[in-house]
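Enquirer:
Numbering (the numbering used here), first residue to last: 1 to 464.
#1: Return the CA-CA distance between residue 446 and residue 92, expressed in angstroms with no decimal places.
#2: Looking at chain B, is there any beta carbon in it that lies within less than 8 Å of the beta carbon of residue 399?
#3: Once the 5 residues before and after residue 383 are set aside, which same chain residues still bring their CB inside 6 Å of it?
#4: Would you mind reading off the limits of the alpha helix (DSSP H) that contains residue 207?
#5: In the DSSP assignment, find the unbroken beta strand (DSSP E) run with residue 78 in it and report its ends.
#6: Please specify which runs of the beta strand (DSSP E), each continuous and at least 3 residues long, are wholly inside the stretch 301-331, giving them in chain order.
#7: Could you tell me whether the stretch 230-240 touches the stretch 122-132, using the rule of 3 or more Cβ pairs below 8 Å?
#8: How big is the Cα-Cα spacing for residue 138 and residue 302?
#9: What residues are listed by DSSP as bridge partners for residue 187?
#10: Here's the rule I'm using: 16 or more other beta-carbon atoms within 10 Å means buried, otherwise exposed. How should residue 320 be labelled?
#11: What do you reckon, are the CB atoms on residue 134 and residue 156 nearer than 8 Å?
#12: Does residue 13 pass the burial test, meaning 16 or more other C-beta atoms within 10 Å, or should it be called exposed?
#13: Taking its Cβ as the centre, do 16 or more other Cβ atoms sit within 10 Å of residue 424, making it buried, or is it exposed?
#14: Could you tell me which uninterrupted alpha helix (DSSP H) segments, each at least 4 residues in length, are contained entirely in the stretch 234-287, listed from first to last along the chain?
#15: Does the stretch 265-279 touch the stretch 289-309, meaning 3 or more C-beta pairs lie closer than 8 Å?
#16: Could you give the residue range of the beta strand (DSSP E) that holds residue 414?
#17: Reducing DSSP to helix, strand and coil, say where residue 99 ends up.
#18: Would you tell me roughly how many angstroms separate the C-alpha atoms of residue 199 and residue 160, rounded to the nearest one?
#19: Relative to the C-alpha of residue 37, which residue among 167, 70 and 225 is closest?
#20: Select from 308, 331, 252 and 265 the residue whose C-alpha is nearest the C-alpha of residue 297.
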């Protein structure tokens, strides 16, 4: 009798064990990318900021990895975000400048032949959301819901007003002058919505709502939380301004308040992940889309240059990553990495096949951050500003840069280990190295496309 019972029970035990094993099998990681706009390299605590506390942003670095040499692919918003969203140098598809805001222009945006991170991750059954700034084109064929995203809450253009009572235009069809698109109402998916709060807080609210819904459904997901803060206009509420009574400079005080609002939002996102018990297997990345700008009181620290420059101040950004399930906490990673690596890293975790026609330029950072690979993630990193005929290439700690081709000494060679502020041109001392780097850049440049759409406002569509 016992043997008969055992024969009946053993298969049930085996099934139960298999179910438990399946339950405990690590799932594909979620991905949350939090991107600020025009934030200075030295404006976070983990990079030494003292006048703006950023405890929640710092938590990402403290519980994960702080990158001291994290780069973006362009020193201005639109092209930089295109490089991040595709994992490819944006000049490969002619995204050389900020696109126009003309909603009737079917080419001024991220080319439809390019796959976004959301489109690629959909192949592995990810649910994806973008909350905040899009800036990849305003024609209907560029809409986030047409580019792989399942949810959109934000605005299509490259900047926006923060006060809800200043958002009085229904859509871009009502724009009558330059920059008036900053006053359009917020869009949820394809419909305009009325808001009643400070925009940064609205975006944080939407991010938390999305995470909570994914937790309820046990979906694995990608969230791109694309804050427009601290991009101009400099606007902040009393709630945040009151935190900085000791900052005398009005612009810096408002900037600090805007960063503080972002930090609050980051804290709420991290708490939502923790409350949903998904924080361990969620990759959280924080970065800015380019360096601090000349007009928002940001601080790039010792780095030379600002937004728009190919000097370090334009392209090296605050950058941190946390993934408790895989990455040791408290790391400082000192080798050069790129925003393109985010795409390659998440793709590698899902074994998604990438089209041979559109190979990624980023690399999977995981083996470099776990200690499995101690080489440089990139042999070279490249930059190009097509309109200005400007260039840069980095190999190891050597960087060749022509930020201004009107300079008779361009391009110039700097060693970033010797001086991060790019002051002493070494080209005359190292002519062979300079020539070798220039040839590498020229070979890369030969693979790229020229601009495929007009620059922001160049066609003055609102006057037609």
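By construction, the Cβ of each residue, glycine as well, lies at the ideal position given by its N, Cα and C atoms.
Note that the structure is a prediction, hence the values are computed from the model and not measured.
Expert: So, from the listed chains and residues:
#1: 10 Å
#2: Any reference to chain B falls outside this structure, which holds one protein chain only.
#3: 310 and 392
#4: 199-217
#5: That residue, residue 78, is in no beta strand (DSSP E); its alpha helix (DSSP H) goes 77-86.
#6: 319-322
#7: no
#8: 37 Å
#9: 154 and 192
#10: buried
#11: yes
#12: Residue confidence is low: residue 13 scores 45 on pLDDT, short of 50, so the model does not pin down where it sits. Its coordinate-derived value is still stated next. Exposed is the call here.
#13: exposed
#14: 238-241 and 250-275
#15: no
#16: 412-415
#17: strand
#18: 9 Å
#19: 225
#20: 252
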